[in-house]
Every structure is written in structure tokens, then in C-alpha cells.
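Undergrad: Quick one: the structure is below, and I'll ask about it shortly.
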RNA sequence: GGAGAGAUGGCCGAGUGGUCGAAGGCGCCCGCCUGCUAAGCGGGUGUAGGAUCAAAAGUCCUACCCAGGGUUCAAAUCCCUGUCUCUCCGCCA
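Residue numbers (this note's numbering): 13 to 447.
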């Protein structure tokens with residue numbers, strides 16, 4: 013949610029920001045509604061003030077043994093006015109709140125202005141795409157050839173966009189999760205390591221409201237109506253909500269969390285996209301990094317966070333690039349986002365494997381996560397950041413594709429050897445006897 | 001799932017329907033004192049919104065004692081519902 017005072021002070025700047033995002037926002041209508049709410053609220057407060065004063069008076073008179081009849085009559089009149097005023101106030105507040113919650117974040121000044129994903133700006137490119145003496149196969153063919161990936165049986169038990177990993181494939185997935193978590197939680201020089209969190213996969217609607225998935229993106233979420241719980245679309249939700257409603261100490265910042273979770277997305281708007289392979293699944297694994305930062309350092313922390321994500325790719329030897337999303341492609345809650353894209357040989361292009369964002373105080377305001385400054389003891393909203401490091405399924409796909417050999421084997425990146433029980437390659441002859 | 005107990009400020013904990021944003025203690029902040037530390041002494045110390053003000057400070061108003069309803073001129077306090085926590089029983093990975 014945006015800072016009301018900031019918008020009131022300069023509505024034109026906000027309107028410009030929404031235009032840059034191509035978000036259709038009736039800001040004038042909202043501000044009009046907000047103004048009416050504000051007045052209704054003041055009126056209600058004035059009535060309460062009067063009522064409270066009279067009630068106190070009654071108390072005094074009763075103790076003094078004086079008559080109170082006239083006061084009673086007046087209070088009853090005021091109470092009727094309060095009730096009417098309260099009804100109006102609450103209705104306006106409900107409408108106003110609803111619309112404030114649908115305002116997207118304002119892009120940071122450093123975000124490139126652009127229409128859509130074609131105008132995202134490449135920041136850097138690391139590693140060279142491998143050259144093959146043969147036509148590289150897509151990862152689902154590599155996986156099928158090795159007998160470590162099964163989409164057909166997954167579809168039979170769960171429908172489209174699910175997958176099953178077998179044998180060395182399942183092991184590889186587990187290895188990636190452990191490797192990523194170990195990288196982030198291991199000791200590092202100069203800055204604190206990430207603290208690992210293991211969190212619920214089902215959350216209450218208010219948690220999704222806090223991080224911005226609700227109310228706008230309800231159709232993207234799996235919902236269990238019997239209990240009004242939602243499956244998390246990303247670990248960002250439970251992890252960011254860890255400190256919801258709390259006031260931290262400045263000395264506690266930055267808070268750095270790393271969490272592995274499964275993630276669940278309906279992919280409602282993605283019909284026909286990436287229908288084959290591991291790229292777009294209803295359920296996928298991800299290791300997520302979350303920062304709670306002071307406002308002053310959140311932008312440099314976004315750089316750190318992004319570097320922590322790309323370090324994984326470098327240690328796996330996977331070529332990637334980092335792009336800065338332009339205003340037209342920025343996510344709803346984000347003020348600035350770097351996407352990390354990994355090279356997929358079969359597609360001949362880079363595909364998103366991580367998205368690292370600075371939400372500034374947008375989520376913190378919804379979640380009411382604040383901190384007390386050391387100097388003046390003032391309470392202030394934190395800045396929240398998060399990024400995948402990395403999406404496990406896409407990393408696995410990238411390994412199958414980038415590390416494939418002509419005979420259908422896959423060479424396991426060296427960094428993963430300790431996690432694979434010494435296995436250095438997955439070969440067709442290792443295929444299990446099960447058909 | 002059944003029975004019972006509870007939910008108050010950063011923490012512990014008191015609270016008779018009115019003078020309670022809430023005693024007391026701890027912690028924290030400022031100052032004093034002792035060569036340092038501890039102890040001691042004095043003062044301060046919730047959040048949000050609003051009014052006043054050029055601004056700040058200050059002062060004042062409104063709301064918040066788990067949440068939502070209700071009773072009442074008046075609710076932290078009484079009633080109802082829900083949520084969560086704890087104890088016991090049952091079931092269970």
C-alpha cells in the first residue's frame with residue numbers, strides 16, 4: 013500500500029507513475045472518496061468527543077447526587093447521530109481501503125521507463141552459452157531419456173502441469189535445495205549469513221494481503237474454502253509475514269531469511285504457455301531469500317540480494333544474464349526488480365530463473381512491519397526485499413540442458429558432487445529397471 | 001473431537017462499569033553520584049489518526065487492553081460468538 017500523505021502531497025507524481033506502469037487507476041475518484049471518508053471520520057470523532065464529555069459529566073453528577081435527566085436526553089440524541097455517522101464512516105472506509113489496496117507500487121527513479129518486456133534493460137551477462145556439436149535436446153527429452161522425469165504418470169494422478177522426478181533426478185532436486193540453502197546460510201565475510209526458516213505452506217488471507225497477492229491476484233492462488241486457507245505461491249508470503257505487526261529494533265536490521273518451500277500457482281493466465289517441461293508447473297520448489305532492511309540501505313541490499321542469487325548460477329557454471337525490469341513490466345508490489353535469466357540451449361534464449369525485488373515500504377505498510385530507530389527512537393516502516401535463489405525446477409532444467417552430452421548423459425556440476433553421493437554424471441545405462 | 005483455564009503496554013503483572021492508555025515491577029532512554037563497573041538517586045518511556053503551529057516542541061481530541069457483535073448515558077471490566085494459547089481425555093503422521 014502506498015503512503016497516503018505522499019499521494020495527497022503530490023497526486024500528479026503518482027498519476028505519472030501509474031501511467032508509466034500502464035496501470036489504469038482512477039486516482040481522482042479515489043482521492044475524492046478518501047476526502048469524503050476523512051470528513052466523515054472527523055465528524056464521527058467530534059460526536060464521540062461530545063458524548064464522552066457528557067458521560068463523564070453524568071458520572072460526576074451521580075456521585076454528587078445531582079439530577080442527570082437532561083444530560084441523558086442529550087446523550088441519547090448524540091448517540092443516534094453517532095450511529096448514523098459511524099455507518100457512513102465505515103462504508104466509506106471500506107470502499108476507500110479496497111481501492112488503496114489495488115494501487116500498485118511506485119517505480120523507483122532508477123527503473124527504466126518502458127512499455128513491456130521488450131524494453132527491459134540488460135545489466136550484465138555472465139558465462140558463455142555452451143556450444144554443442146549436436147542439436148541440444150530440450151530438458152524433458154533429456155530427462156525422459158535418462159528415465160528421471162515422468163510427466164505422463166504425473167498427469168494421470170494430478171492433471172496437467174505436474175511432474176515426477178525419479179532416481180537420480182529426484183536426488184538432483186534434493187541436492188540443489190541443500191546446495192542452495194548451504195550457500196546462503198553458510199558463513200560469509202563482512203555480512204551476516206541468512207537464517208534458515210521452514211514455514212507453513214498454507215496461509216490465511218491476511219498474510220496474502222500483507223505481501224500484495226490479495227486482493228488483486230486471487231485467481232492465481234489455490235484456495236481451500238473449507239478452511240479459508242491458501243497454498244502459498246511463494247515462500248515470500250510466510251517468510252515476510254514472520255514479523256507481521258511487530259516493531260523491530262534498528263540493531264536487528266537487516267533481517268535475512270532463507271527458506272526452501274514448495275510453491276503453488278494456478279497459472280490461470282498462462283494457458284498454452286510452456287506446456288511442456290518443468291518451466292511452468294502448478295507445484296514447484298524454490299529457495300527464497302527475504303530481507304527486512306532499513307530504508308537507507310534497501311537499494312544497495314537489492315544489489316546484494318541479486319548477487320546472492322547469481323552466485324548459485326556461477327557456482328553451478330550456468331550462463332545467465334541480469335535484466336532490470338522496465339516500468340511497464342514491473343510486478344504490482346515492486347518498486348524495482350532484477351530478473352535473473354538462465355541460458356536454455358534448446359530454446360536458444362535466456363529464461364527467468366529468479367526475480368529479485370525491492371518493495372520498499374509497500375509490503376511493510378500492509379504488513380505493519382516497523383522498526384525503532386536507534387538515534388531518535390522513532391518508529392518507521394522497514395523495507396522488504398526478496399528474490400528466488402533459485403527456482404529449483406528451472407535450475408534442474410537448465411542443468412539437464414546445458415550439461416547434456418551427445419550420448420544423452422548429463423554431467424553433474426562439480427559443486428553438486430558432494431550432494432550427489434559422489435555421482436558425477438547421469439547416464440542412460442543407469443536407467444532403473446522399472447519401465 | 002470432548003472438558004476446563006486463559007489472552008492487558010518490549011516483558012512480568014494489577015485492574016471495583018465512570019476520574020484507566022491503564023497501578024507496581026523489570027527492561028530501555030536522559031541526568032546525578034561513586035576514579036571504571038555494579039549498586040544507588042531523580043526524571044522520562046505504547047501505537048495510529050486528527051486539531052492547533054510557518055515548522056518543531058508543547059497542548060488538546062479520537063481510537064486501540066485477542067477479534068467481532070451486544071447491554072449501558074458510560075465497557076479493559078458485564079453478556080454472546082469466533083480465533084489463538086495452555087491443561088486433561090480421545091484420535092492421529
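Glycine included, every Cβ here is placed at the ideal spot set by N, Cα and C. Being a predicted model, the structure only gives us computed values, none of them experimental.
Counting pairs of Cβ atoms below 8 Å between the stretch 264 to 272 and the stretch 295 to 306, do you hit three or more?
TA: The stretch 264 to 272, when compared against the stretch 295 to 306, does touch it at the 8 Å Cβ threshold.
Undergrad: Going by Cα to Cα distance, which pick from 102, 382, 70 is closest to residue 88?
TA: It is 70 whose Cα lies nearest to the Cα of residue 88.
Undergrad: For residue 296, which three-state DSSP category applies?
TA: Residue 296 falls in the strand class under three-state DSSP.
Undergrad: Threshold first: 4 residues or longer. Then list the alpha helix (DSSP H) segments lying entirely within the stretch 13 to 59, N to C.
TA: List check, alpha helix (DSSP H) in window: 16 to 21, 23 to 33.
Undergrad: On the premise that residue 401 lies in contact with residue 192, defined as a C-beta separation below 8 Å, what is that separation, rounded to the nearest angstrom?
TA: Indeed they touch by this definition, with Cβ atoms about 6 Å apart.
Undergrad: What is the C-beta distance between residue 349 and residue 337, in whole angstroms, given that I count them as a contact (C-beta under 8 Å)?
TA: Their Cβ separation, rounded to whole angstroms, is 4 Å, which keeps residue 349 and residue 337 in contact under 8 Å.
Undergrad: Quick check on the DSSP output: the beta strand (DSSP E) that includes residue 5 runs from which residue to which?
TA: The structure shown does not extend to residue 5, since the chain is modelled only from 13 through 447, so no value can be given for it.
Undergrad: Return the residue from the list 344, 324, 17, 34 that minimises the CA-CA distance to residue 228.
TA: Of the listed residues, the one whose Cα sits closest to residue 228 is 344.
Undergrad: Please classify residue 406: does DSSP put it in a helix, a strand, or coil?
TA: Helix, per DSSP.
Undergrad: On the three-state DSSP scale, how would you describe residue 359?
TA: Coil, per DSSP.
Undergrad: Would you please state the rounded distance, in angstroms, between the beta carbons of residue 33 and residue 340? I believe it to be under 8 Å.
TA: About 7 Å; that satisfies the 8 Å criterion.
Undergrad: Residues in its own chain within less than 8 Å of residue 448 by CB, not counting five upstream and five downstream?
TA: With the chain covering only 13 through 447, there is no way to say anything about residue 448.
Undergrad: Roughly how many whole angstroms lie between the Cα atoms of residue 19 and residue 374?
TA: The straight-line gap from Cα to Cα measures roughly 13 Å.
Undergrad: For residue 388, name the three-state secondary structure that DSSP assigns.
TA: Three-state DSSP puts residue 388 in coil, outside helix and strand.
Undergrad: Starting from residue 276, trace the beta strand (DSSP E) both ways and give me its first and last residue.
TA: Taken as a continuous stretch (DSSP letters only), the beta strand (DSSP E) holding residue 276 covers 267 to 276.
Undergrad: For residue 283, tell me which candidate among 324, 190, 200, 172 has the shortest Cα-Cα distance.
TA: Considering only alpha carbons, the answer is 172.
Undergrad: Which class does residue 205 belong to by DSSP, given the choice of helix, strand or coil?
TA: The answer is coil: DSSP assigns residue 205 none of H, G, I, E or B.
Undergrad: If we ignore side chains and look at the alpha-carbon of each, how far apart do residue 448 and residue 386 end up?
TA: The shown model of the chain, from 13 to 447, leaves out residue 448, and the question about it has no answer.
Undergrad: Taking the beta strand (DSSP E) that residue 138 falls in, what are its first and last residues?
TA: From DSSP, the beta strand (DSSP E) with residue 138 extends over 133 to 138.
Undergrad: Of all the options 201, 216, 197, which has the alpha carbon lying nearest to the alpha carbon of residue 207?
TA: The shortest Cα separation from residue 207 among 201, 216, 197 belongs to 197.
Undergrad: Relative to the C-alpha of residue 275, which residue among 247, 257, 68 is closest?
TA: The option with the nearest alpha carbon to residue 275 is 247.
Undergrad: Where residue 414 and residue 361 are concerned, what is the direct C-alpha to C-alpha distance, given to the nearest angstrom?
TA: Taking the straight line from one Cα to the other gives about 12 Å.
Undergrad: Could you give the C-beta distance for residue 376 and residue 397, rounded to a whole number, given that I count them as a contact under 8 Å?
TA: With a Cβ gap of about 11 Å, residue 376 and residue 397 do not count as contacting.
Undergrad: Taking all protein chains shown into account, decide if residue 138 is buried (16 or more other Cβ within 10 angstroms of its Cβ) or exposed.
TA: Classification of residue 138: exposed, given that the 10 Å Cβ count is below 16.
Undergrad: Please tell me whether residue 297 and residue 185 are closer than 9 Å, where the distance is taken between their beta carbons.
TA: Their beta carbons are under 9 Å apart, which means residue 297 touches residue 185 by this criterion.
Undergrad: Check residue 117 in the structure and name its three-state DSSP category.
TA: Correct three-state label for residue 117: coil.
Undergrad: Let me make sure I understand the geometry here. Which of 14, 108, 141, 263 has the alpha-carbon closest to that of residue 384?
TA: When each option's Cα is compared against that of residue 384, the closest is 263.
Undergrad: Residue 161 and residue 13 - do their beta-carbons sit closer together than 9 Å?
TA: For residue 13 and residue 161, no; Cβs fall outside 9 Å.
Undergrad: According to the Cβ coordinates, are residue 432 and residue 180 closer than 9 Å?
TA: Yes, the pair counts as a contact, with Cβ atoms nearer than the cut-off.
Undergrad: What number of angstroms, rounded off, separates the C-alpha of residue 145 from the C-alpha of residue 416?
TA: Looking at the two C-alpha atoms, the distance is approximately 11 Å.
Undergrad: Give the straight-line distance between the Cα atoms of residue 134 and residue 370, rounded to the nearest whole angstrom.
TA: Straight-line Cα distance between these residues: approximately 18 Å.
Undergrad: How do the stretch 254 to 261 and the stretch 228 to 245 stand: do at least 3 beta-carbon pairs fall below 8 Å, yes or no?
TA: With a cut-off of 8 Å, the stretch 228 to 245 and the stretch 254 to 261 do not count as touching, because too few Cβ pairs lie within range.
Undergrad: Measuring from the CB of residue 441, is there a heavy atom of the ligand ZN at a distance below 8 Å?
TA: Absence of the ligand ZN from the depicted structure is noted, as is the absence of any ligand whatsoever, leaving it without description.
Undergrad: Taking a contact to mean a Cβ-Cβ separation below 9 Å, would you say residue 354 touches residue 367 in this structure?
TA: Taking 9 Å as the Cβ cut-off, residue 354 and residue 367 do not qualify as a contacting pair.
Undergrad: Name, in chain order, the residues that DSSP records as bridge partners for residue 393.
TA: DSSP, once it has assigned bridges, lists 382 as partnering residue 393.
Undergrad: Do residue 260 and residue 242 have their C-beta atoms closer together than 9 Å?
TA: No. Outside cutoff.
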